[in-house]
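Structure first, then comments.
In the working numbering, the protein residues as written are 111 to 338.
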């Protein structure tokens with residue numbers, strides 16, 4: 111059973127990583143940079159926790175009974191903390207590498223960092239749960255693909271930043287943080303508010319649609335496309 115749970119916790123990230131690497135078909139990234147980005151994603155869990163503690167010390171509370179304040183808290187204390195930590199890893203490591211030389215690379219490196227984060231988070235949640243198999247299955251379906259979608263949003267704009275579109279990196283960060291916060295707000299409050307789970311499904315569907323479209327757009331914008 112333990113091996114099954116480990117496989118379920120790790121498999122989603124591996125599958126998504128392979129998918130993104132396959133989509134980066136015009137100028138694939140050096141594997142060493144991808145592995146390092148994945149490891150940095152795991153490391154980004156620590157600053158994310160510290161940021162969350164700081165925001166909660168300022169009064170943000172995602173468990174608040176005030177619906178609007180709970181939503182804002184999810185966006186700030188969770189979304190901004192986690193996506194901000196990932197952003198720092200991509201922006202100040204991968205973004206500066208010569209291999210980061212086309213728009214799609216923003217998606218590739220952001221997803222690798224995010225999958226590292228999601229994998230470590232997965233293991234922490236699964237193995238501290240009283241129902242590890244159920245948690246592993248639910249996170250395989252929603253949480254890991256969710257983290258990947260947040261990364262595509264952020265990476266799409268980092269790709270535009272690399273093309274010289276000033277300030278787009280910050281746009282990507284705050285867009286990813288906002289969507290992440292809405293995503294978590296829906297999950298935290300689905301049982302309390304009727305209809306919220308339906309809204310969550312719509313949000314999840316739109317995230318996946320945007321992710322696939324963003325991937326296609328940046329593939330088409332690759333300067334290496336004409337060489338194939």
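Ideal Cβ positions, reconstructed from N, Cα and C, are used throughout, including at glycine.
query                                                                                                                                  : result
Complete runs of the beta strand (DSSP E) confined to the stretch 175 to 260 [at least 3 residues]                                     : none
Neighbourhood of residue 227 by C-beta distance below 8 Å, restricted to the same chain and skipping five residues each side           : 151, 152, 154, 155, 158, 192, 195, 196, 257
Alpha-carbon spacing of residue 291 relative to residue 138, whole angstroms                                                           : 32 Å
Validate contact between the stretch 198 to 211 and the stretch 307 to 326 using beta carbons, cut 8 Å, 3 pairs                        : no
Cα-Cα separation, residue 134 to residue 279                                                                                           : 20 Å
Residue 284 in three-state terms, based on DSSP                                                                                        : helix
Inter-residue spacing [alpha-carbon to alpha-carbon] between residue 121 and residue 127                                               : 10 Å
Cβ-based burial, residue 315 [other Cβ within 10 Å; buried from 16]                                                                    : exposed
Minimum C-alpha distance to residue 283 - residue among 273, 265, 275                                                                  : 265
Cβ pair residue 294, residue 188 closer than 8 Å                                                                                       : yes
Distance CB(residue 304)-CB(residue 136) smaller than 8 Å                                                                              : no
Close Cβ partners of residue 242 (< 7 Å) along its chain, the five nearest in sequence each way excluded                               : 115, 236
Contacts around residue 123, its chain only, beta-carbon distance under 7 Å, and the 5 residues preceding and following it disregarded : 225, 228, 229, 254
Minimum C-alpha distance to residue 163 - residue among 119, 190, 270                                                                  : 190
Opening and closing residue of the alpha helix (DSSP H) in which residue 306 lies                                                      : 306 to 330
Cβ-Cβ distance between residue 217 and residue 262 below 8 Å                                                                           : yes
Burial state of residue 251 (16 or more Cβ within 10 Å)                                                                                : exposed
Residue environment, residue 312, which counts as buried when at least 16 other CB atoms sit within 10 Å                               : exposed
Cβ neighbour criterion (16 or more within 10 Å) applied to residue 269                                                                 : buried
Straight-line gap, residue 231 to residue 146 (C-alpha atoms, nearest Å)                                                               : 17 Å
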